[in-house]
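J.:
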Amino acid sequence: MKPKRKRRGNSRYYVFFVLILILLGATGTGVYMLLTNVSWFDITTISHSGNSIVPDSLITGILSEYQGTNLLKIRSSQIRSHFADFARIQKVSISKSFPQTLKVTFNEREGFLWLRTVEGELVAIDSDGLVLESFNGIISEDLPVVGTFLSVAQLKAGQNPNKPYLTRIINFHKRISDEAPEFLPHISEYYMISDEIHIVDARHGTSIIPAQKNLADQFRRYLFVQDNGNIARRSTVDLRYDKQVVVKEGRL
Numbered sequence: 000m001k002p003k004r005k006r007r008g009n010s011r012y013y014v015f016f017v018l019i020l021i022l023l024g025a026t027g028t029g030v031y032m033l034l035t036n037v038s039w040f041d042i043t044t045i046s047h048s049g050n051s052i053v054p055d056s057l058i059t060g061i062l063s064e065y066q067g068t069n070l071l072k073i074r075s076s077q078i079r080s081h082f083a084d085f086a087r088i089q090k091v092s093i094s095k096s097f098p099q100t101l102k103v104t105f106n107e108r109e110g111f112l113w114l115r116t117v118e119g120e121l122v123a124i125d126s127d128g129l130v131l132e133s134f135n136g137i138i139s140e141d142l143p144v145v146g147t148f149l150s151v152a153q154l155k156a157g158q159n160p161n162k163p164y165l166t167r168i169i170n171f172h173k174r175i176s177d178e179a180p181e182f183l184p185h186i187s188e189y190y191m192i193s194d195e196i197h198i199v200d201a202r203h204g205t206s207i208i209p210a211q212k213n214l215a216d217q218f219r220r221y222l223f224v225q226d227n228g229n230i231a232r233r234s235t236v237d238l239r240y241d242k243q244v245v246v247k248e249g250r251l
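For reference, each letter of the sequence shown is one residue, going 0 to 251 in numbering that gives the first Met the number 0.
(1) Sorted by chain position, which residues of the same chain lie with C-beta nearer than 7 angstroms to R239's C-beta, five sequence neighbours on each side aside?
(2) Can you tell me whether DSSP reads F85 as helix, strand or coil?
(3) Give me the Cβ distance between I45 and L62, rounded to the nearest whole Å; I'm assuming they're in contact under 8 angstroms.
(4) Is the Cβ-Cβ distance between G49 and T104 less than 9 angstroms?
(5) Does the separation of the CB atoms of S51 and E107 fall below 9 angstroms?
(6) Please identify the residue among D125, E195, N213 and Y13 whose C-alpha is closest to the C-alpha of N161.
(7) Alpha carbon to alpha carbon, how far is S150 from L114?
(8) Is the separation between the beta-carbon of V130 and that of E188 shorter than 9 angstroms?
(9) In chain order, which continuous runs of the alpha helix (DSSP H) of length 4 or greater are located wholly inside the segment 98-180?
(10) Could you say which of A201, E195, D194 and N170 lies nearest to H185 if we only look at CA atoms?
(11) If you check the beta carbons only, do L121 and S133 fall under 9 angstroms apart?
(12) Which class does V246 belong to by DSSP, given the choice of helix, strand or coil?
(13) If you draw a straight line from the C-alpha of G119 to the C-alpha of N170, how long is it?
(14) In its own chain, which residues sit with a C-beta less than 7 angstroms from the C-beta of I138, not counting the 5 before and 5 after it?
(15) What whole-angstrom Cβ distance do Q66 and I42 have, given they're in contact under 8 angstroms?
(16) Which whole runs of the alpha helix (DSSP H) in the segment 25-80 are 4 residues long or more, in chain order?
(17) For I198, count the other beta carbons within 10 Å of its own beta carbon; 16 or more makes it buried, fewer makes it exposed. Which is it?
(18) Which residue comes first and which comes last in the alpha helix (DSSP H) that contains Y221?
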């Protein structure tokens with residue numbers, strides 16, 4: 000018997016298929032390189048949105064270097080890297096609108112509290128205690144103030160001071176936001192005395208020692224007594240007693 004000849008058809012098709020793939024890849028790469036070097040996709044319009052604290056002029060100055068750059072050459076990670084060191088900026092989204100428009104959208108971290116430093120400066124933190132930048136010395140956020148013994152040099156943007164009393168105040172402010180949000184406009188300031196949180200009434204200057212339970216009910220009782228009673232300004236109101244509003248003369 001004659002030995003059977005090996006079939007080579009399948010291997011020829013395999014080689015042909017690989018060559019086609021290589022040809023298509025080379026063609027695609029060539030087309031891409033060609034498009035990245037033509038002026039059809041050179042950026043003529045750059046727009047940004049979503050920022051309220053970070054100045055437009057600062058963002059425009061950073062993005063202006065991409066004017067005239069081919070859209071296909073720009074990597075989103077490259078643009079994000081310019082804003083990575085801004086604690087205020089939480090997220091940067093980039094979209095390319097062909098043929099010649101670049102759009103950048105910002106999500107900013109919102110201020111939660113102001114920290115007053117020993118120098119008297121106000122520095123914003125977010126709800127996680129992260130220090131945020133303030134730009135051009137403009138205070139545009141209406142937030143309660145927390146008195147601290149920290150200096151400006153100790154409050155670096157993007158870092159958390161990690162002070163236990165600050166953590167307590169942040170958590171308590173979150174609790175008020177959840178349980179008694181209608182009372183938030185009445186809060187001017189927080190401070191600590193003898194390990195107790197005190198609140199300064201924004202309207203009357205009264206010092207309030209808040210309740211630990213039935214928080215919303217006790218705030219409502221306080222507001223009723225304040226509006227209908229005779230609480231002297233700059234007195235202390237203790238709400239820690241159940242269903243009672245205890246008024247003490249002067250600040251503690």
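In this text, a Cβ means the ideal position worked out from N, Cα and C, and glycines have one as well. Bear in mind that the values here come from a model prediction, so they are computed numbers and not experimental data.
T.: Taking the definition as stated:
(1) I208, A210 and Q211
(2) If DSSP states are grouped into helix, strand and coil, F85 belongs with coil.
(3) 5 angstroms
(4) G49 places its beta carbon less than 9 angstroms from that of T104.
(5) yes
(6) The alpha carbon of N161 has as its nearest neighbour, out of D125, E195, N213 and Y13, the alpha carbon of D125.
(7) Rounded to whole angstroms, S150 to L114 spans 10 angstroms at the Cα level.
(8) no
(9) 163-178
(10) A201
(11) Yes, the Cβ-Cβ distance between L121 and S133 is below 9 angstroms.
(12) strand
(13) Linking G119 to N170 through their CA atoms gives a straight-line distance of about 24 angstroms.
(14) Excluding residues within five positions, the ones whose Cβ falls inside 7 angstroms are L121.
(15) 6 angstroms
(16) Correct list: 55-62 and 75-80.
(17) So I198 counts as buried.
(18) L214 to N227
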